[in-house]
Amino acid sequence: MLNDEIAGIFERMARVLSFKGANRFRIIAYERAAQALTDVSEDLTAMARDDRLKEIPGIGADLEGMIREYIRTKRIRKYDDEREGISDELIELMGIPGLGPKTLAQLHEKLGVSSLQDLKRALESDSRPAIPGFGDKKVENLRRGVELWQSRRQRLPLGSALPLAERLLDHVRRVRGVDEADLAGSLRRRLETIGDIDVVVAAADRATALKAIVRLPEVREVLALGDTKATILIENNLQVDVRAVDPESYGAALQYFTGSKQHNVHLRTLARRDGLKINEYGVFRGEKRLGGSTEEDVYRLMGMPLMPPEIREDRGEIEAASAGALPALVDLAGIRGDLHVHSDHSDGRATMAEMAEAAERLGYEYLAIADHSPSARVARGLDEERLAEKIEEFERLRSARRKKRPRLLLGAEVDILPDGSLDYPDKTLSRFDVVTASIHSAFKQSRDSMTGRLLDAISNPHVHIIGHPTARLIGSRDPVAFDLDRVIRAAVDRGVALEINASPLRLDLNDTMCRAAGEAGALVAINSDAHSAPQLEQMRYGVFQARRGWIGAGSVVNCRNLAKLTEWLQRRKR
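Residue numbers (numbering that gives the first Met the number 0): 0 to 573.
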């Protein structure tokens, strides 16, 4: 939590400096420091105590001093000084997609924009700001940016909410008198974004357990406390509803509060048909309680096996369970490697050796280091000269690690250009073990043009994977429009895998697209898109998404062992 707090201050410092028109290099230094701190898994207090803060990339003497100051005082005076006269709301507005600190500074100076309401008024058609470059297209993009920003503020990405919830849950389970505790609600079903957190607790003395839970260190504020329910706020003002039940009702309560609402309504309708009643207290026939201490009880009494929480959305899972036809879903243990990670040769923050060592700790059989191609200038994409330098270093590393796992694969994330061609010529593409082709530009092309662009990439014999196919960024960029059915059919015909990008900011394909791909027989690749060693562990979010899409291990190319993966990779080039 401390790491995230300081990273947040550095991120806001970068925004403030940009708003004030400060030196670009100062701004970049804070941005990089913020990102570096989010990648540090070790607590900063321990690193400061051991005098190891400068080991963090981008942390020099000045930033080290600020970190130490925050550890001591919970504030950074330099940040307080820089942001003087700039309100919290203005700083928040700088995060609106398409706005940015410089544009906001213009609006603030010329139109007095200091709040969200001020901004909305400035974007109304009858009060168009007389600022160069502020035409109809810019205004429309900003309106959409405001909508995305507001929706994002109301819900946290799964990747932000789950670690917070897991830390809280770990402490809840240690509370004296708590027999069992689990996450419930949309978080347990692994939705892409989370509004609040539900926790179900089994305790013989429910009131006493709840009183202890609201005193945990993660709790920022207690909104309500009763004998069976407590409502609290934790970090990021995330609301948590903790429900305490008797142990004999724990499974029924967990099932009920996990949902979804549609799943529960369907299940209870079937129960009434069979003369049963299901609620958060158990399963009943008349006044007789038949079970409910476990979730298995609830489903067994309905003649169904326990079904994975991720698919409880009333999308056919109840029918499949009743027919004994629930799919065997992919799990994290089945992932044998990662086919899309970046190194510091492009926009990654770790060396190839560091990425390999992190993958080795995860027990992977193989790892494809796939840096960007030259058109991705913001991502420091590799031209032919820099690519040659990378390949030379890569081959030395692969030779040095030849007796170790993972097997290193030479990869590339190659831009699909607006005309459908790829960013490297075929001669260069033939040098790679794994080619992921992705869209990083011209997002507003027509549906037909974007479909053709993806089909052209799929038809290239050097392409193995279509990376993050919709190119969306949750809460900040809409998915591109294309004919999903045609793209899936082409991928099936050509044996190309569609990526489920595990970055919590992407989760692309989404769950319904995953299911469509799986049902059509398409291959998928679940990749972390890691830009640092800790981000390799993002893989679990891609697995969650695949499970929500009913994907089994047989559809996932990186659930194959190295020999079978290699056979598929080579077959694509024939």
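The beta carbon of each residue, even a glycine, is placed where N, CA and C say it ideally should be. Note that the coordinates shown come from a computational prediction; the quantities given were computed from them, not determined experimentally.
Inset, instruction - Report whether the distance from the Cβ of A399 to the nearest heavy atom of the ligand ADP is below 8 Å. - result: By its list of ligands, the structure shown contains no ligand whatsoever, and the ligand ADP lies outside what it can speak to.
Inset, instruction - Determine the direct distance from the alpha carbon of L506 to that of E467, and round the result to whole angstroms. - result: It should be noted that the sequence gives His, not Glu, for residue 467. One C-alpha to the other measures close to 8 Å.
Legend entry - Inter-residue spacing [alpha-carbon to alpha-carbon] between L636 and I196: In the structure as shown, the chain starts at 0 and stops at 573, and residue 636 therefore has no counterpart that could be examined.
Inset, instruction - Go ahead and label S342 buried or exposed: buried means 16 or more other beta carbons lie within 10 angstroms of its beta carbon, across all protein chains shown. - result: Answer is buried; the Cβ neighbour count reaches 16.
Inset, instruction - Take the Cβ of P156 as the centre, count every other Cβ of all protein chains shown within 10 Å, and call the residue buried at 16 or more, exposed below. - result: So P156 counts as buried.
Inset, instruction - Would you mind sorting L222 into buried or exposed? The rule is 16 or more other CB atoms within 10 Å of its CB. - result: The C-beta of L222 has fewer than 16 other C-beta atoms within 10 Å across all chains shown, which makes the residue exposed.
Legend entry - Residues bridged to A646 [DSSP beta-bridge criterion]: Past the edges of the chain, shown from 0 to 573, lies residue 646, and the structure says nothing about it.
Legend entry - Selected residue, minimal CA-CA separation from I95, among R142, D135, R379, S502: Ranking the options by Cα distance to I95, first place goes to R142.
Inset, instruction - Less than 8 Å between the CB atoms is what I'm expecting for T450 and D482, so what's the real figure, rounded? - result: Between D482 and T450 the Cβ distance is about 4 Å, and since that is below 8 Å, they are a contact.
Legend entry - Cβ shell of E88 (< 6 Å), same chain only, five flanking positions each side left out: Excluding sequence positions up to five before and after E88, its CB lies within less than 6 Å of the CB of S114, all in the same chain and listed in chain order.
Inset, instruction - Taking F283 as part of the beta strand (DSSP E), name the residues at either end of that continuous run. - result: Counting along the chain, the beta strand (DSSP E) containing F283 begins and ends at 281-284.
Legend entry - Under 9 Å between C-beta atoms of A521 and I487: Remark: C-beta atoms of A521 and I487 approach each other more closely than 9 Å.
Legend entry - C-alpha gap between L275 and G250, whole angstroms: If you take the alpha carbons of L275 and G250, they lie about 16 Å apart.
Legend entry - Element boundaries [beta strand (DSSP E), containing A180]: Run containing A180: 177-183, per the beta strand (DSSP E) assignment.
Inset, instruction - Using alpha carbons as the reference points, say which of L92, G99, G134 lies closest to D117. - result: When only C-alpha atoms are compared, the closest one is L92.
Inset, instruction - Please report how far the alpha carbon of D425 lies from the alpha carbon of R395, in whole angstroms. - result: Near 24 Å, if we compare the C-alpha coordinates of R395 and D425.
Inset, instruction - Reducing DSSP to helix, strand and coil, say where T257 ends up. - result: Correct three-state label for T257: helix.
Legend entry - Residue range of the unbroken alpha helix (DSSP H) whose run includes D296: Counting along the chain, the alpha helix (DSSP H) containing D296 begins and ends at 294-299.
Legend entry - Beta-carbon proximity list for I277, same chain, < 6 Å, skipping 5 on both sides: Cβ-Cβ distances below 6 Å link I277 to R267, A270 in the same chain, with the five nearest sequence neighbours on each side left out; the list follows chain order.
Legend entry - Span separating the alpha-carbon of Q149 from that of R175: Each residue's CA atom was taken as its position, placing Q149 and R175 some 40 Å apart.
Inset, instruction - Determine, using beta carbons only, whether A223 comes closer than 9 Å to chain D. - result: No chain D is part of this structure, which consists of one protein chain only.
Inset, instruction - Give the straight-line distance between the Cα atoms of R397 and R514, rounded to the nearest whole angstrom. - result: In this structure, the straight-line span from the alpha carbon of R397 to that of R514 is close to 36 Å.
Legend entry - Validate contact between the region 530-548 and the region 337-354 using beta carbons, cut 8 Å, 3 pairs: Contact between the region 530-548 and the region 337-354 is present, because at least three Cβ pairs lie under 8 Å.
Inset, instruction - Please report how far the alpha carbon of R549 lies from the alpha carbon of L103, in whole angstroms. - result: In the sequence on display, residue 549 carries Trp and not Arg. Roughly 44 Å between the two C-alpha positions.
Inset, instruction - State the start and end residues of the unbroken alpha helix (DSSP H) segment that holds T565. - result: Per DSSP, T565 is one residue of the alpha helix (DSSP H) stretching across 561-571.
Legend entry - Segment limits, beta strand (DSSP E) that includes E498: Where E498 is concerned, the enclosing beta strand (DSSP E) starts and stops at 496-500.
Inset, instruction - Output the distance between the C-alpha atoms of G517 and T469, rounded to the nearest integer angstrom. - result: Distance between the alpha carbons of G517 and T469 is about 17 Å.
Inset, instruction - Compute the Euclidean distance between the alpha carbons of G333 and E68, then round it to the nearest angstrom. - result: Their Cα atoms are separated by approximately 44 Å.
Inset, instruction - Verify whether the separation of the beta carbon atoms of V556 and V329 is less than 9 Å. - result: Contact flag unset, no.
Legend entry - Reduced DSSP category for P424 - H, G, I as helix; E, B as strand; rest coil: Looking at P424 - three-state DSSP - the assignment turns out to be coil, as it is neither helix nor strand.
Legend entry - Top-ranked residue by Cα proximity to H463, from D61, V523, V218: The option with the nearest alpha carbon to H463 is V523.
Legend entry - Three or more C-beta pairs below 8 Å linking the region 33-40 and the region 6-19: Of all C-beta pairs linking the region 33-40 to the region 6-19, three or more are shorter than 8 Å, placing the two stretches in contact.
Inset, instruction - Leaving out five residues on either side along the sequence, give the residues of the same chain with a beta carbon under 8 Å from the beta carbon of D432. - result: Here the set comprises A367, L408, L409, G410, L568.
Legend entry - Assigned secondary structure, K276 (DSSP; H/G/I helix, E/B strand, else coil): Three-state result, K276: strand.
Legend entry - Pair within 9 Å by beta-carbon distance, V15 and E108: Pairing V15 with E108 gives a Cβ-Cβ distance that is not under 9 Å.
Legend entry - Spatial distance of R404 from D337 (CA atoms): R404 and D337: Cα-Cα distance of roughly 13 Å.
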